[in-house]
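Engineer:
Numbering (our numbering), first residue to last: 245 to 549.
(1) My output table needs one value for residue 341: the three-state DSSP class, helix, strand or coil.
(2) Residues bridged to residue 426 by DSSP?
(3) What span of residues does the alpha helix (DSSP H) with residue 367 cover, start to end?
(4) Taking 6 angstroms as the limit between beta carbons, can you name the residues of its chain near residue 364, skipping five residues before and five after?
(5) Looking at the secondary structure, which residues open and close the alpha helix (DSSP H) in which residue 455 lies?
(6) Would DSSP call residue 376 helix, strand or coil?
(7) So is residue 306 buried or exposed if we call it buried at 16+ other beta carbons inside 10 Å?
(8) How long is the line joining the alpha carbons of residue 418 and residue 296, rounded to whole angstroms?
(9) Hey, could you find the ends of the alpha helix (DSSP H) residue 323 is sitting in?
(10) Among the candidates 468, 442, 461, 463, whose CA atom is the shortest distance from the CA of residue 394?
(11) Rounded to the nearest angstrom, how far is the Cβ of residue 492 from that of residue 475, given a contact under 8 angstroms?
(12) Rounded to whole angstroms, what is the Cα-Cα separation between residue 401 and residue 486?
(13) Would you mind sorting residue 520 into buried or exposed? The rule is 16 or more other CB atoms within 10 Å of its CB.
(14) To the nearest angstrom, report how far apart residue 320 and residue 352 are at their CA atoms.
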């Protein structure tokens, strides 16, 4: 149909139909549940608009071959309701929701090109080892989400392709420890200054067999805390580990010197979050249930109301 401004709207029923329209109609752009920044704000020359809100498969969550496949148009609300009971890390993430409108309207992968505050879900997906599904006219290809964001980059997705879903591996048999944290700048602030997702897998002897620790500082892509992952790799998950990590953090630059953080305070925060995670998972959460609050240069906590 054609709008009062003369723009021509298409409402395809499938992903393949949407991609074909994009190829056939020069100057067209996607609107709705789309990940490409240049398509989000069509200019005067983009008179042909292809709405992805009509593509049902982009709003589906399915479990197949041991993996969860989450369409790029799935809202945070649907994402949370379907998967929080499957993944403790997602449940932990969902408990931090404060804006109902944001939760109901924001799509799972909408923050790929967001210039404003996002939801923090990328740290969660990266910690869970998520992948990306890219559909084209002739084939479907997959890659890890980390590879897409940091090696291939979104520019590797061609004009005849569309990122249609992310995949999350189902829970395995190994013992998995997870937590999601937010550090707020003040008591009534809504935008965190740092968010972090921790995932640690233990083998049958309670040694660290794998770990993925990701955090973001409110701008740019999440950062992998790989120095912490290397430090705990293969170590027994005991109180001695907490003491060893504490000693390393207390010496020199600690383990955050290679993260490229401009603020020493951010380095303090992420290292203290690592210690908090270890303490909690060892059964010592500290003085009750807490949320982090940044008071000047100290990482402090307050009790939840």
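Even for Gly, the Cβ is constructed at its ideal location relative to N, Cα and C. Just so it is clear, the structure is predicted and the values come from calculations on it, not from any experiment.
Structural biologist: A quick look at the data gives this:
(1) Taking the first residue of the chain shown as 1, we reach residue 341 at position 97. In this structure, residue 341 counts as coil in the three-state DSSP scheme.
(2) Counted from its first residue, the chain shown places residue 426 at position 182. Residue 426 is bridged to 439.
(3) The residue labelled residue 367 in the question sits at position 123 within the chain shown. Here the alpha helix (DSSP H) through residue 367 covers 365-371.
(4) Counted from its first residue, the chain shown places residue 364 at position 120. Excluding positions up to five away in sequence, the list reads 439.
(5) In the chain shown, counting from the first residue as 1, residue 455 sits at position 211. Taken as a continuous stretch (DSSP letters only), residue 455 belongs to no alpha helix (DSSP H), being part of the beta strand (DSSP E) at 452-460.
(6) As a working mapping, residue 376 is identified with position 132 in the chain shown. Strand at residue 376.
(7) On the chain shown, residue 306 is found 62 positions in, with the first residue counted as 1. Burial is judged here by how many other beta carbons sit within 10 angstroms of a residue's own beta carbon; residue 306 has fewer than 16 and is exposed.
(8) Taking the first residue of the chain shown as position 1, residue 418 is located at position 174. Taking the first residue of the chain shown as position 1, residue 296 is located at position 52. Take the alpha-carbon of residue 418 and the one of residue 296: they are about 38 angstroms apart.
(9) Residue 323 sits at position 79 when you count from the first residue of the chain shown. Taken as a continuous stretch (DSSP letters only), the alpha helix (DSSP H) holding residue 323 covers 320-327.
(10) On the chain shown, residue 394 is found 150 positions in, with the first residue counted as 1. When each option's Cα is compared against that of residue 394, the closest is 468.
(11) Translated into positions along the chain shown, residue 492 becomes position 248. Translated into positions along the chain shown, residue 475 becomes position 231. That pair is a contact at about 7 angstroms.
(12) As a first step, residue 401 must be located in the chain shown, where it is residue number 157. As a first step, residue 486 must be located in the chain shown, where it is residue number 242. Residue 401 and residue 486: Cα-Cα distance of roughly 43 angstroms.
(13) For this step, residue 520 is matched to residue 276 along the chain shown. Buried: at least 16 other Cβ atoms inside 10 Å.
(14) As a position in the chain shown, residue 320 is number 76, starting the count at 1. As a position in the chain shown, residue 352 is number 108, starting the count at 1. Straight-line Cα distance between these residues: approximately 6 angstroms.
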